[in-house]
Amino acid sequence: MRHLIDTTNFSTEEINALIERAEVFLKNPSQNILKDKKIITIFFENSTRTRSSFEVAAKNLGAYVVSLDVSRSSSSKGETLFDTAANLDAMGPNAIVVRHKNAGVPNILSRYVHCPIINGGDGSHAHPTQALLDLFTLKKNLGEIKGKSIAIVGDIKNSRVANSNIELLSRFGMNIILVAPPHFMPQINMPKCGHIQDVIDKVDAIMSLRTQTERHTNQIYASLKDYANGFCITKELLGEREIIVLHPGPVHRNVDIDDAMMRDKRCKALEQVKNGVAIRMAVLEKLIKGAN
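Residues 1 to 292, numbered by our numbering, are exactly what the sequence shown covers, in order.
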(Lines of atoms letter the chains of each structure in order from A; the text may use other names.)
(Lines give C-alpha, C1' and ligand atoms only; values in the text may rest on other atoms or scores of the structure.)
Protein backbone atom coordinates (compact mmCIF):
# COMPACT_ATOMS: atom_id res chain seq x y z
CA MET A 1 0.00 0.00 0.00
CA ARG A 2 1.43 3.36 -1.05
CA HIS A 3 0.63 6.67 0.63
CA LEU A 4 1.64 10.27 -0.04
CA ILE A 5 2.47 11.74 3.36
CA ASP A 6 5.41 13.86 2.24
CA THR A 7 7.46 14.35 -0.92
CA THR A 8 10.03 11.72 0.11
CA ASN A 9 7.40 9.01 -0.49
CA PHE A 10 8.06 9.29 -4.24
CA SER A 11 11.42 8.81 -5.92
CA THR A 12 12.78 11.36 -8.40
CA GLU A 13 11.93 8.95 -11.23
CA GLU A 14 8.36 8.58 -9.98
CA ILE A 15 7.96 12.35 -9.75
CA ASN A 16 9.21 12.82 -13.30
CA ALA A 17 6.65 10.24 -14.41
CA LEU A 18 3.91 12.12 -12.50
CA ILE A 19 4.86 15.34 -14.29
CA GLU A 20 4.65 13.56 -17.65
CA ARG A 21 1.16 12.31 -16.79
CA ALA A 22 0.15 15.77 -15.59
CA GLU A 23 1.13 17.18 -18.99
CA VAL A 24 -1.22 14.66 -20.59
CA PHE A 25 -4.02 15.57 -18.21
CA LEU A 26 -3.57 19.29 -18.92
CA LYS A 27 -4.29 18.63 -22.58
CA ASN A 28 -7.07 16.11 -21.99
CA PRO A 29 -8.55 16.44 -18.49
CA SER A 30 -11.64 14.30 -19.06
CA GLN A 31 -10.72 10.68 -18.41
CA ASN A 32 -12.44 7.55 -17.12
CA ILE A 33 -9.37 5.96 -15.60
CA LEU A 34 -10.90 5.77 -12.11
CA LYS A 35 -14.49 5.04 -13.11
CA ASP A 36 -16.56 3.79 -10.15
CA LYS A 37 -13.72 4.47 -7.66
CA LYS A 38 -14.63 6.16 -4.38
CA ILE A 39 -12.52 8.98 -2.92
CA ILE A 40 -13.21 10.50 0.49
CA THR A 41 -12.00 14.00 1.37
CA ILE A 42 -11.93 14.98 5.03
CA PHE A 43 -10.50 18.38 5.91
CA PHE A 44 -10.17 19.30 9.59
CA GLU A 45 -8.84 22.73 8.51
CA ASN A 46 -10.39 25.23 6.12
CA SER A 47 -9.47 24.84 2.48
CA THR A 48 -10.70 26.17 -0.83
CA ARG A 49 -8.00 25.45 -3.42
CA THR A 50 -6.69 22.10 -2.21
CA ARG A 51 -10.04 20.51 -1.44
CA SER A 52 -11.68 21.75 -4.64
CA SER A 53 -8.63 20.78 -6.66
CA PHE A 54 -8.71 17.19 -5.41
CA GLU A 55 -12.45 16.94 -6.02
CA VAL A 56 -12.18 18.26 -9.57
CA ALA A 57 -9.20 15.95 -10.20
CA ALA A 58 -11.16 12.92 -8.98
CA LYS A 59 -14.23 13.78 -11.04
CA ASN A 60 -12.09 14.38 -14.13
CA LEU A 61 -10.83 10.82 -13.71
CA GLY A 62 -14.36 9.42 -13.48
CA ALA A 63 -14.28 8.77 -9.72
CA TYR A 64 -16.96 9.93 -7.35
CA VAL A 65 -16.20 11.97 -4.26
CA VAL A 66 -17.59 11.82 -0.74
CA SER A 67 -16.71 15.13 0.91
CA LEU A 68 -17.15 15.03 4.67
CA ASP A 69 -18.14 18.14 6.58
CA VAL A 70 -16.01 17.99 9.72
CA SER A 71 -18.14 20.60 11.51
CA ARG A 72 -21.04 18.14 11.30
CA SER A 73 -19.08 14.92 11.63
CA SER A 74 -18.86 12.70 14.70
CA SER A 75 -15.35 14.02 15.40
CA SER A 76 -17.03 17.23 16.56
CA LYS A 77 -19.05 15.09 18.99
CA GLY A 78 -16.02 13.51 20.64
CA GLU A 79 -15.24 10.60 18.32
CA THR A 80 -11.52 9.77 18.37
CA LEU A 81 -9.36 10.16 15.29
CA PHE A 82 -8.77 6.41 15.25
CA ASP A 83 -12.49 5.61 15.30
CA THR A 84 -13.02 8.15 12.53
CA ALA A 85 -10.36 6.36 10.48
CA ALA A 86 -11.89 2.94 11.16
CA ASN A 87 -15.35 4.15 10.14
CA LEU A 88 -14.06 5.78 6.97
CA ASP A 89 -12.17 2.60 6.10
CA ALA A 90 -15.32 0.52 6.62
CA MET A 91 -16.96 2.51 3.80
CA GLY A 92 -14.51 0.94 1.36
CA PRO A 93 -12.87 4.02 -0.17
CA ASN A 94 -10.16 3.71 -2.80
CA ALA A 95 -8.32 6.73 -1.36
CA ILE A 96 -8.71 9.26 1.46
CA VAL A 97 -7.46 12.84 1.24
CA VAL A 98 -6.98 14.39 4.67
CA ARG A 99 -5.96 17.78 6.04
CA HIS A 100 -5.39 18.38 9.73
CA LYS A 101 -4.04 21.18 11.91
CA ASN A 102 -1.71 18.76 13.71
CA ALA A 103 1.45 17.47 12.08
CA GLY A 104 1.60 13.70 11.74
CA VAL A 105 -2.13 12.95 11.58
CA PRO A 106 -2.13 11.63 7.96
CA ASN A 107 0.77 9.32 8.82
CA ILE A 108 -1.11 7.99 11.87
CA LEU A 109 -4.29 7.45 9.85
CA SER A 110 -2.35 5.50 7.22
CA ARG A 111 -1.79 2.75 9.81
CA TYR A 112 -5.52 2.21 10.33
CA VAL A 113 -6.89 2.08 6.79
CA HIS A 114 -6.64 -0.23 3.81
CA CYS A 115 -6.39 2.40 1.08
CA PRO A 116 -3.94 5.15 0.12
CA ILE A 117 -3.86 8.22 2.34
CA ILE A 118 -2.98 11.50 0.63
CA ASN A 119 -1.82 14.34 2.83
CA GLY A 120 -3.65 17.55 1.95
CA GLY A 121 -1.55 19.43 4.52
CA ASP A 122 -0.73 18.64 8.15
CA GLY A 123 0.12 21.45 10.53
CA SER A 124 3.49 23.01 9.69
CA HIS A 125 4.86 19.67 8.52
CA ALA A 126 4.14 18.97 4.85
CA HIS A 127 1.97 19.70 1.82
CA PRO A 128 3.32 17.30 -0.80
CA THR A 129 0.90 17.91 -3.67
CA GLN A 130 1.49 21.66 -3.40
CA ALA A 131 5.22 21.10 -3.79
CA LEU A 132 4.61 18.79 -6.75
CA LEU A 133 2.47 21.38 -8.54
CA ASP A 134 5.04 24.08 -7.74
CA LEU A 135 7.78 21.92 -9.27
CA PHE A 136 5.57 21.32 -12.32
CA THR A 137 4.93 25.07 -12.69
CA LEU A 138 8.62 25.91 -12.37
CA LYS A 139 9.59 23.33 -14.97
CA LYS A 140 6.95 24.58 -17.41
CA ASN A 141 8.19 28.16 -17.10
CA LEU A 142 11.94 27.76 -16.58
CA GLY A 143 12.66 24.53 -18.45
CA GLU A 144 15.56 22.71 -16.80
CA ILE A 145 15.58 23.92 -13.20
CA LYS A 146 18.86 22.35 -12.10
CA GLY A 147 21.19 25.22 -11.24
CA LYS A 148 18.39 27.80 -11.26
CA SER A 149 17.72 29.82 -8.11
CA ILE A 150 14.55 30.53 -6.16
CA ALA A 151 13.89 32.78 -3.17
CA ILE A 152 11.30 31.47 -0.70
CA VAL A 153 9.96 34.56 1.02
CA GLY A 154 7.85 35.03 4.13
CA ASP A 155 6.69 32.95 7.07
CA ILE A 156 8.96 30.00 6.30
CA LYS A 157 9.17 28.70 9.85
CA ASN A 158 5.44 27.96 10.04
CA SER A 159 4.94 26.88 6.43
CA ARG A 160 4.29 23.27 5.40
CA VAL A 161 4.53 24.48 1.79
CA ALA A 162 8.08 25.70 2.43
CA ASN A 163 9.07 22.43 4.10
CA SER A 164 7.88 20.33 1.18
CA ASN A 165 9.37 22.64 -1.44
CA ILE A 166 12.75 22.80 0.29
CA GLU A 167 13.02 19.00 0.11
CA LEU A 168 11.69 18.63 -3.42
CA LEU A 169 13.31 21.59 -5.18
CA SER A 170 16.68 20.85 -3.56
CA ARG A 171 16.42 17.28 -4.84
CA PHE A 172 15.87 18.60 -8.36
CA GLY A 173 18.95 20.81 -8.15
CA MET A 174 17.50 24.25 -7.50
CA ASN A 175 19.45 26.72 -5.39
CA ILE A 176 17.17 27.93 -2.59
CA ILE A 177 17.58 31.18 -0.68
CA LEU A 178 15.36 31.69 2.36
CA VAL A 179 14.22 35.29 2.83
CA ALA A 180 12.43 36.21 6.05
CA PRO A 181 12.61 38.28 9.22
CA PRO A 182 14.40 36.46 12.07
CA HIS A 183 11.21 35.27 13.80
CA PHE A 184 9.98 33.62 10.56
CA MET A 185 13.31 31.98 9.71
CA PRO A 186 13.72 28.25 10.44
CA GLN A 187 16.86 26.91 12.07
CA ILE A 188 18.18 24.97 9.08
CA ASN A 189 21.49 25.10 7.27
CA MET A 190 20.61 26.91 4.05
CA PRO A 191 21.46 30.26 2.44
CA LYS A 192 19.45 32.95 4.24
CA CYS A 193 18.80 36.64 3.83
CA GLY A 194 16.77 39.21 5.71
CA HIS A 195 16.01 41.48 2.74
CA ILE A 196 14.48 40.53 -0.60
CA GLN A 197 16.26 43.45 -2.28
CA ASP A 198 19.60 41.76 -1.57
CA VAL A 199 18.78 38.65 -3.62
CA ILE A 200 16.50 40.00 -6.36
CA ASP A 201 19.31 39.93 -8.94
CA LYS A 202 20.35 36.39 -7.99
CA VAL A 203 17.11 34.47 -8.55
CA ASP A 204 15.01 33.12 -11.41
CA ALA A 205 11.88 32.69 -9.31
CA ILE A 206 10.28 33.90 -6.09
CA MET A 207 7.89 31.86 -3.98
CA SER A 208 5.92 34.16 -1.70
CA LEU A 209 4.25 32.60 1.33
CA ARG A 210 1.22 33.60 3.33
CA THR A 211 1.82 34.83 6.85
CA GLN A 212 0.54 31.96 9.01
CA THR A 213 -1.12 34.12 11.67
CA GLU A 214 -3.24 31.19 12.88
CA ARG A 215 -0.04 29.33 13.87
CA HIS A 216 1.50 32.23 15.81
CA THR A 217 1.27 31.97 19.59
CA ASN A 218 1.97 35.69 19.96
CA GLN A 219 1.32 38.69 17.73
CA ILE A 220 4.62 39.51 16.06
CA TYR A 221 3.82 42.55 13.94
CA ALA A 222 1.59 45.44 14.99
CA SER A 223 -0.10 44.96 11.61
CA LEU A 224 0.40 42.99 8.41
CA LYS A 225 1.21 46.31 6.76
CA ASP A 226 4.39 46.50 8.85
CA TYR A 227 5.39 43.07 7.53
CA ALA A 228 4.49 44.05 3.95
CA ASN A 229 6.84 47.04 4.07
CA GLY A 230 9.78 44.64 4.00
CA PHE A 231 8.52 41.49 2.28
CA CYS A 232 5.68 42.24 -0.13
CA ILE A 233 6.56 41.24 -3.71
CA THR A 234 5.77 44.29 -5.83
CA LYS A 235 5.95 45.10 -9.52
CA GLU A 236 8.27 47.95 -8.60
CA LEU A 237 10.62 45.47 -6.89
CA LEU A 238 10.84 43.22 -9.93
CA GLY A 239 11.14 46.03 -12.45
CA GLU A 240 11.82 44.51 -15.89
CA ARG A 241 13.49 41.38 -14.52
CA GLU A 242 12.30 38.08 -16.01
CA ILE A 243 11.52 36.51 -12.65
CA ILE A 244 8.43 34.37 -12.15
CA VAL A 245 6.41 34.69 -8.95
CA LEU A 246 4.60 31.79 -7.26
CA HIS A 247 2.22 31.69 -4.31
CA PRO A 248 0.38 28.69 -2.80
CA GLY A 249 -2.67 30.78 -1.91
CA PRO A 250 -4.63 32.28 -0.43
CA VAL A 251 -2.82 35.50 -1.27
CA HIS A 252 -2.92 38.38 1.17
CA ARG A 253 -3.01 41.11 -1.48
CA ASN A 254 -0.64 43.99 -0.83
CA VAL A 255 0.90 41.97 2.00
CA ASP A 256 2.36 38.97 0.19
CA ILE A 257 2.08 40.28 -3.38
CA ASP A 258 0.75 43.65 -4.50
CA ASP A 259 -2.20 44.16 -6.85
CA ALA A 260 -0.07 45.22 -9.80
CA MET A 261 2.15 42.14 -9.52
CA MET A 262 -0.90 39.87 -9.25
CA ARG A 263 -2.02 41.20 -12.65
CA ASP A 264 1.44 40.81 -14.18
CA LYS A 265 2.05 37.87 -16.53
CA ARG A 266 5.09 36.90 -14.44
CA CYS A 267 2.80 36.00 -11.53
CA LYS A 268 1.89 32.31 -11.93
CA ALA A 269 -0.60 31.95 -9.07
CA LEU A 270 -3.55 31.01 -11.30
CA GLU A 271 -1.37 28.76 -13.45
CA GLN A 272 -0.44 26.92 -10.25
CA VAL A 273 -4.14 26.28 -9.59
CA LYS A 274 -4.60 24.84 -13.09
CA ASN A 275 -1.45 22.73 -12.79
CA GLY A 276 -2.58 21.54 -9.37
CA VAL A 277 -5.62 19.75 -10.80
CA ALA A 278 -3.44 17.93 -13.34
CA ILE A 279 -0.81 16.93 -10.75
CA ARG A 280 -3.47 15.65 -8.35
CA MET A 281 -5.02 13.63 -11.18
CA ALA A 282 -1.61 12.04 -11.69
CA VAL A 283 -1.22 11.33 -7.97
CA LEU A 284 -4.69 9.78 -7.66
CA GLU A 285 -4.09 7.63 -10.72
CA LYS A 286 -0.74 6.40 -9.42
CA LEU A 287 -1.88 5.57 -5.91
CA ILE A 288 -5.25 4.04 -6.76
CA LYS A 289 -4.29 2.13 -9.90
CA GLY A 290 -1.11 1.00 -8.18
CA ALA A 291 -3.12 -0.25 -5.20
CA ASN A 292 -5.18 -2.63 -7.35
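Think of the CB as a built atom: it goes at the ideal place given N, C-alpha and C, for glycine as much as any other residue.
>> Quick check on the DSSP output: the beta strand (DSSP E) that includes residue 67 runs from which residue to which?
In response: 64–68
> Three-state secondary structure (DSSP) at residue 215?
Replying inline: Here residue 215 scores only 48 on pLDDT, less than 50, and its place in the model should not be relied on; the value that follows carries that caveat. Helix, per DSSP.
>> Between the alpha carbons of residue 246 and residue 135, how many angstroms are there, rounded?
In response: 11 Å
> Taking 6 Å as the cut-off, does the CB of residue 188 come closer than this to any heavy atom belonging to the ligand COA?
Replying inline: Among the components modelled here there is no ligand, and therefore nothing to report on the ligand COA.
>> Please list the terminal residues of the continuous beta strand (DSSP E) segment that includes residue 204.
In response: Neither: residue 204 is in no beta strand (DSSP E) and is coded neither H nor E.
> If you count every other CB in all the chains shown that lies within 10 Å of the CB of residue 191, and 16 or more means buried, which is it?
Replying inline: exposed
>> Cutting at 8 Å between CB atoms, please list the residues of its own chain near residue 30, excluding the five before and the five after it.
In response: 60
>> Pairs of beta-carbons, one from the stretch 88–97 and one from the stretch 36–47, closer than 8 Å: are there three or more?
In response: yes
>> Which runs of the alpha helix (DSSP H) at least 4 residues long sit entirely within the stretch 112–159? Give them in chain order.
In response: 128–142
> Does the Cβ of residue 260 have 16 or more other Cβ atoms within 10 Å, making it buried, or fewer, making it exposed?
Replying inline: exposed
>> Within the continuous beta strand (DSSP E) that includes residue 41, where are the two ends?
In response: 38–43
> Between residue 114 and the rest of its own chain, which residues show a CB-CB distance below 8 Å, the 5 nearest in sequence each way excluded?
Replying inline: 1 and 89
> Is the distance from the Cβ of residue 177 to the Cβ of residue 205 below 7 Å?
Replying inline: no
> Considering only residues of the same chain and omitting the five flanking positions on each side of residue 32, which have a CB-CB separation below 6 Å?
Replying inline: 62
> Just the Cα atoms here: how many angstroms apart are residue 65 and residue 232?
Replying inline: 38 Å
>> On the DSSP letters alone, give me the boundaries of the alpha helix (DSSP H) that residue 180 sits inside.
In response: Element bounds for residue 180: n/a, residue is neither H nor E.
> Are the beta-carbon atoms belonging to residue 157 and residue 186 less than 7 Å from one another?
Replying inline: yes
>> Under DSSP, the alpha helix (DSSP H) around residue 241 begins and ends at which residues?
In response: It is not in any alpha helix (DSSP H) - residue 241 carries neither H nor E in the DSSP assignment.
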